[in-house]
Amino acid sequence: MRGTLPAGLPIIGRPTAGLIGGIAAAVALGVGELVAGLGGNGPSLVSAVGTEFIDRYAASLKDLAVRLFGTNDKVALIVGIIAMSLLFGAVLGMVGRRHPLLAAAGFFGFGALGLYAYLGDELGRTSVGVLAAAASVAGGLGSLWLLLRAAPLAAGAGPRSAPVTVTDDPAPPDVLGARPASRRTFITTAAALAVMAGGTAVLGRRVRPTTVVEAARRQTVLPKAGSSVAPPASQPFEVPGLSSYITSTPDFYRIDTAITTPQISASSWELEIKGMVDEPFSIGYKELLALDNVEDVVTLQCVSNEVGGNLVGTAVWQGVPLATLLERAGVDPAATQIVGRSADGWTAGFPTGHATDGRTALVAYAMNGEPLTAVHGFPARLLIAGLYGYVSATKWLTEIELTTWEDFDGYWVPRGWSKEGPIKTMSRIDVPTSGSSLTAGRVAIAGVAWAPTDGVSTVEVQVDDGEWQGCELGEASSGNTWVQWKLDWDATPGEHRLRARATNAAGETQTEDTAAPAPNGATGWHTLQVRVGGQR
Numbered sequence: 058m059r060g061t062l063p064a065g066l067p068i069i070g071r072p073t074a075g076l077i078g079g080i081a082a083a084v085a086l087g088v089g090e091l092v093a094g095l096g097g098n099g100p101s102l103v104s105a106v107g108t109e110f111i112d113r114y115a116a117s118l119k120d121l122a123v124r125l126f127g128t129n130d131k132v133a134l135i136v137g138i139i140a141m142s143l144l145f146g147a148v149l150g151m152v153g154r155r156h157p158l159l160a161a162a163g164f165f166g167f168g169a170l171g172l173y174a175y176l177g178d179e180l181g182r183t184s185v186g187v188l189a190a191a192a193s194v195a196g197g198l199g200s201l202w203l204l205l206r207a208a209p210l211a212a213g214a215g216p217r218s219a220p221v222t223v224t225d226d227p228a229p230p231d232v233l234g235a236r237p238a239s240r241r242t243f244i245t246t247a248a249a250l251a252v253m254a255g256g257t258a259v260l261g262r263r264v265r266p267t268t269v270v271e272a273a274r275r276q277t278v279l280p281k282a283g284s285s286v287a288p289p290a291s292q293p294f295e296v297p298g299l300s301s302y303i304t305s306t307p308d309f310y311r312i313d314t315a316i317t318t319p320q321i322s323a324s325s326w327e328l329e330i331k332g333m334v335d336e337p338f339s340i341g342y343k344e345l346l347a348l349d350n351v352e353d354v355v356t357l358q359c360v361s362n363e364v365g366g367n368l369v370g371t372a373v374w375q376g377v378p379l380a381t382l383l384e385r386a387g388v389d390p391a392a393t394q395i396v397g398r399s400a401d402g403w404t405a406g407f408p409t410g411h412a413t414d415g416r417t418a419l420v421a422y423a424m425n426g427e428p429l430t431a432v433h434g435f436p437a438r439l440l441i442a443g444l445y446g447y448v449s450a451t452k453w454l455t456e457i458e459l460t461t462w463e464d465f466d467g468y469w470v471p472r473g474w475s476k477e478g479p480i481k482t483m484s485r486i487d488v489p490t491s492g493s494s495l496t497a498g499r500v501a502i503a504g505v506a507w508a509p510t511d512g513v514s515t516v517e518v519q520v521d522d523g524e525w526q527g528c529e530l531g532e533a534s535s536g537n538t539w540v541q542w543k544l545d546w547d548a549t550p551g552e553h554r555l556r557a558r559a560t561n562a563a564g565e566t567q568t569e570d571t572a573a574p575a576p577n578g579a580t581g582w583h584t585l586q587v588r589v590g591g592q593r
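Reading the sequence shown from the start, the letters are residues 58 to 593 in this note's numbering.
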């Protein structure tokens, strides 16, 4: 194939061209990140693309992402987007060897894609998105032009005075064969732009006003709980490696679709109660904290949790009973679904009856004695005991809407997950861990089990194909929480299989049948292998 190269821009080697395109793409990303950061607490172009990706492909990739990366799934997605962007830039750089205008068009398309995703993000502002996209394209094109101009000098060739006809014959020697002075010029320019790319990206993150929530949390004085269900003062046993009864806030799992954590000011936040109600109303943060409240201990679990997984935790939650707000609004008897809507547009719905059937159902504003952190939903979130988070646990709550069961589906339902999501009875072995090498003799097998809202009545462990043995149970605040359990085992040398199962207070034992998390929660007995050596 033959092509025409514009005057003043000779052909360079493919590796150099790919490097040039990659650096130009990095500058585009960094500049876009900086402008978005300066523009407020909304998303960047990269995070907006990530959100768009999640919205389109979450149904097929959710379990895989959580299984591979756990709570780092969003970090992995961002890294993947950046890597693909750099690869795309490298391709444009190689295209630019012969067709600079085509490469320029590619960078315009690059910016247009980011802008499209940004404008579709609930947290995005149009003016910031346009500026970020324009700056990104300008930064990328400027870098591409500088490096393409510098690269021919590095190859020892001066600018062309007229167009030349080129073929697909091997390119001239690459930058490594250049004259030292010219090579130094190119390398210096490339290095400076690479540093600029990294610096603008980091600065964009630093200038983002992430202190909005922390400042509000420091200024918030939590009210005294009107009624409180306290965690047990102590547990009957202590086993190294056994999960604490209360999960610390930093260790509490986080699974959601938010690439950019919403930073919401307490002073401007409002919760709107609307839909099939007699008197719709809105309530601010201070007014919410002034209402009668309760404090309770509740275990939450993500539906993506595998058997034996750690996407589950127990915390002390404080907030206003959902029933209190619904009573003020006056719920239409025909309303059969409560929908929570997040500041970022995410939704979840559950039967109206769950707000008044005696389970803990809160608009929560505190966790473990402190205002909610940003990642856990500040200023307020929904908390419904006994339901997986995907149908109930709306964080960054801005709306509660009453509707019918048939008229609305929450975020995950059209993506293939069940409309109802009661948490299933489950047990987990914390110690020993799978593959452990143990010493023969007395060994503690211990873990946690949960069956909200009924509570756990018994936990049993089976060693190999032996009889099921009952375990000692710890203390629990209520049926809303997990319980610690322990069995002392006289371990004998050899390979052994350990299995655990729980039975809830209604007498229902968790099923042995194995099922994946989709569409409504994993099932099966947690099973692991250990090796026992000789005695000490």
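We put the beta carbon where it would ideally sit given N, CA and C, even for glycine.
Counting only the same chain and skipping the five closest in sequence on each side, list residues whose C-beta sits under 7 angstroms from that of residue i.
i: S142; result: A82, L86
i: N21; result: This structure cannot settle anything about residue 21, because the visible part of the chain is limited to 58 through 593.
i: A105; result: G171, A174, Y175, D178, G181
i: A207; result: T242, F243, T246
i: A238; result: With a pLDDT of 42 at A238, under the threshold of 50, the modelled position of that residue is not reliable, and the figure given next carries that caveat. Nothing listed; no residue qualifies.
i: R558; result: S484, E517, T566, Q567, W582
i: I330; result: P337, F338, L382, A386, I457
Compute the distance between the beta-carbons of residue i and residue j, then report whether it is under 8 angstroms.
i: A392; j: T304; result: no
i: T496; j: G590; result: yes
i: N537; j: T356; result: yes
i: V448; j: A579; result: no
i: A437; j: L459; result: no
i: R485; j: G504; result: yes
i: A323; j: A258; result: no
i: Y175; j: P100; result: yes
i: G376; j: V420; result: yes
i: G397; j: T314; result: no
i: Q358; j: Y445; result: yes
i: I77; j: L205; result: yes
i: G196; j: V84; result: yes
Rounded to the nearest angstrom, how far is the Cβ of residue i from that of residue j, given a contact under 8 angstroms?
i: D401; j: L180; result: 6 angstroms
i: L250; j: S193; result: About 14 angstroms; that fails the 8 angstroms criterion.
i: L134; j: G94; result: Going by Cβ atoms, the distance from L134 to G94 rounds to 19 angstroms, so no, they are not a contact pair.
i: K476; j: D464; result: The Cβ separation is near 12 angstroms, so there is no contact.
Just reading off the alpha helix (DSSP H) that residue i is part of, what are its end residues?
i: G177; result: G177 -> no alpha helix (DSSP H), and no H or E assigned at all.
i: F145; result: 130-152
i: K343; result: 342-347
i: R485; result: Per DSSP, R485 belongs to no alpha helix (DSSP H); it is in the beta strand (DSSP E), 483-488.
i: I244; result: 237-264
i: I69; result: That residue, I69, is in no alpha helix (DSSP H); it is neither H nor E in DSSP.
Could you tell me the boundaries of the beta strand (DSSP E) in which residue i lies?
i: I316; result: Neither: I316 is in no beta strand (DSSP E) and is coded neither H nor E.
i: T515; result: 513-520
i: G406; result: 404-408
i: T584; result: 583-590
i: K331; result: 327-332
i: W18; result: Absent from the structure is residue 18, since the part of the chain shown begins at 58 and ends at 593.
i: E352; result: 351-358
Please list, in chain order, all residues of the same chain as residue i whose beta carbon is under 8 angstroms from its beta carbon, the five residues on each side excluded.
i: P280; result: L346, A347, N350
i: G96; result: R182, S184, V185, L188, A189
i: V264; result: L91, G94, L95
i: G256; result: G87
Please go through the same chain and pick out, in chain order, the residues whose beta-carbon is closer than 6 angstroms to the beta-carbon of residue i, but skip the five residues on each side of it.
i: A74; result: G150, M151, R154
i: T584; result: R556
i: V432; result: R311, T318
i: L260; result: L91
i: G341; result: E327
i: W546; result: V500, I502
i: A405; result: G397, V448, S449, T451, G467
i: S284; result: V351
Start-end ranges of the beta strand (DSSP E) lying completely within the segment 543-581, minimum 3 residues: 551-561
**Every unbroken beta strand (DSSP E) inside the segment 278-305 [3 residues or more]** = none
* Complete runs of the beta strand (DSSP E) confined to the segment 366-433 [at least 3 residues] -> 369-378, 394-399, 404-408, 418-424
**Study point:** Secondary structure, beta strand (DSSP E): runs of 3+ residues fully inside the segment 71-115
**Key:** none
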